[in-house]
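For reference, the structure is listed below as structure tokens.
Protein chains in written order, with UniProt numbering: chain D, 1 to 53; chain H, 1 to 258.
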């Protein structure tokens with residue numbers, strides 16, 4: 001249950017909401033991009049001959 | 001003790017970061033959960049600022065991270081310029097969008113705190129203005145990376161830009177001390193206990209700062225791993241294009257002989 005924020009409800013909830021939304025979006029985009037690039041590299045390495053070590 | 005330079009080897013970085021990533025992500029989730037429950041639900045209202053004091057728990061950690069991420073990028077940029085370690089340049093590139101997000105959060109939550117307390121969401125106060133310039137440096141840095149195709153040239157130019165912007169990171173941190181004017185208050189946390197916020201807010205604030213720092217570390221590892229993979233993709237594509245060019249050249253040569 002939310003605490004009583006009185007006349008500042010909009011400002012407090014707005015601040016926390018903006019923070020969660022921005023952090024969530026950065027994490028989501030980073031995870032999506034990480035998965036896309038990993039799959040792309042896996043597909044490319046599957047086609048290409050292995051680099052000698 | 002292992003040298004930090006061992007992380008400059010991309011293969012070793014990938015191995016170590018794969019092991020560290022789940023711990024950082026788990027630690028971030030735990031610290032943010034504790035800080036949110038404690039800070040948002042269990043702290044009292046401030047005697048002057050009322051419930052707006054709860055904005056402290058997102059505003060201070062994001063502002064702190066905005067400056068420290070830029071400092072980390074500056075160190076990584078120096079390492080790139082001096083020692084040419086690709087992982088350092090890619091780590092700086094990976095950190096920039098997270099730093100920009102933290103600066104945007106600090107500016108937005110500051111505006112939402114300023115409106116009820118100062119009567120205005122924005123004033124041209126030294127700290128606010130230097131933070132806005134810091135945000136513009138983050139945006140410029142990201143845009144410069146995107147604008148240059150050659151990754152080494154991009155790393156060189158963005159490193160120089162990052163070092164120029166370091167001035168504003170320092171100014172953002174010490175603006176309240178440099179110019180004893182403006183509306184923004186001094187530090188909420190300090191090694192000098194007299195300057196700290198009350199204990200009721202201090203510990204949940206520390207939990208949130210730890211959560212933000214671990215969140216940054218987890219995302220930094222994830223994004224740097226992505227950048228290393230992207231670089232490998234580019235290298236593979238270039239090698240393939242060169243091999244195709246050589247094969248076509250050989251075929252043309254054989255046709256000329258025939």
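Beta carbons are placed, not taken as given, at the ideal position from N, Cα and C, and that holds for glycine.
For residue 5 of chain D versus residue 51 of chain H, is the C-beta spacing smaller than 8 angstroms?
yes
Distance between residue 160 of chain H and residue 142 of chain H (C-alpha atoms, nearest Å)
13 angstroms
How close, in whole Å, do the beta carbons of residue 21 of chain H and residue 218 of chain H come, if the pair is a contact with beta carbons under 8 angstroms?
6 angstroms
I need the straight-line Cα distance from residue 52 of chain D to residue 10 of chain H, nearest angstrom please.
Unreliable placement is indicated for residue 52 of chain D, whose pLDDT of 49 sits below 50; no coordinate value is reported for it.
Taking the alpha helix (DSSP H) that residue 244 of chain H falls in, what are its first and last residues?
199 to 257
Near residue 2 of chain D, which residues of its chain fall below 6 angstroms by C-beta distance, leaving aside the five closest residues on each side in sequence?
none
Under the three-state DSSP convention, the category residue 46 of chain H falls into:
strand
Residue 110 of chain H: buried (16+ other C-beta within 10 angstroms of its C-beta) or exposed?
buried
How should residue 26 of chain H be labelled, buried or exposed, when 16 other C-beta atoms within 10 angstroms of its C-beta is the threshold for buried?
exposed
Distance CB(residue 105 of chain H)-CB(residue 53 of chain H) smaller than 8 angstroms
no
Status (buried if at least 16 other CB within 10 Å, exposed otherwise) for residue 28 of chain D
exposed
Quick check: the Cα distance between residue 82 of chain H and residue 14 of chain D, rounded to an integer number of angstroms?
44 angstroms
Taking buried to mean at least 16 other C-beta atoms within 10 Å of its own C-beta, is residue 41 of chain H buried or exposed?
exposed
Report the neighbours of residue 27 of chain D on chain H: residues whose CB is nearer than 7 angstroms to its CB, in chain order.
219
Under 8 angstroms by Cβ, that's how I've got residue 131 of chain H and residue 103 of chain H pegged, so tell me the actual separation to the nearest angstrom.
6 angstroms
Would you say residue 94 of chain H and residue 223 of chain H are within 8 angstroms of each other, going by their C-beta atoms?
yes
Could you spell out where the alpha helix (DSSP H) holding residue 1 of chain D opens and where it closes?
Segment: none, residue 1 of chain D is in no alpha helix (DSSP H) and carries neither H nor E.
Along chain D, which residues have their Cβ under 9 angstroms away from the Cβ of residue 54 of chain H?
3, 5, 8, 12, 15, 16
Inter-residue Cα distance where the pair is residue 14 of chain H and residue 96 of chain H:
20 angstroms
Measure the beta-carbon distance from residue 99 of chain H to residue 74 of chain H and round it to whole angstroms, keeping in mind my assumption that it falls under 8 angstroms.
Not confirmed; about 11 angstroms, so no contact.
Is the distance from the Cβ of residue 23 of chain D to the Cβ of residue 215 of chain H below 8 angstroms?
yes
CB residue 108 of chain H to CB residue 18 of chain D, shorter than 8 angstroms?
yes
Does any C-beta atom of chain H lie closer than 8 angstroms to the C-beta of residue 34 of chain D?
yes
Under 8 angstroms, Cβ to Cβ, is there at least one residue of chain D near residue 51 of chain H?
yes
DSSP three-state label for residue 150 of chain H, please.
coil
Does any C-beta atom of chain A lie closer than 8 angstroms to the C-beta of residue 164 of chain H?
Absent from the structure is chain A; the protein chains it does hold are D and H.
Between the beta-carbon of residue 92 of chain H and the beta-carbon of residue 24 of chain H, is there less than 8 angstroms?
no
Step through the CB atoms of chain D and report whether any lies within less than 8 angstroms of the CB of residue 158 of chain H.
no
Tell me, please, whether the CB atom of residue 238 of chain H is closer than 8 angstroms to any CB atom in chain D?
no
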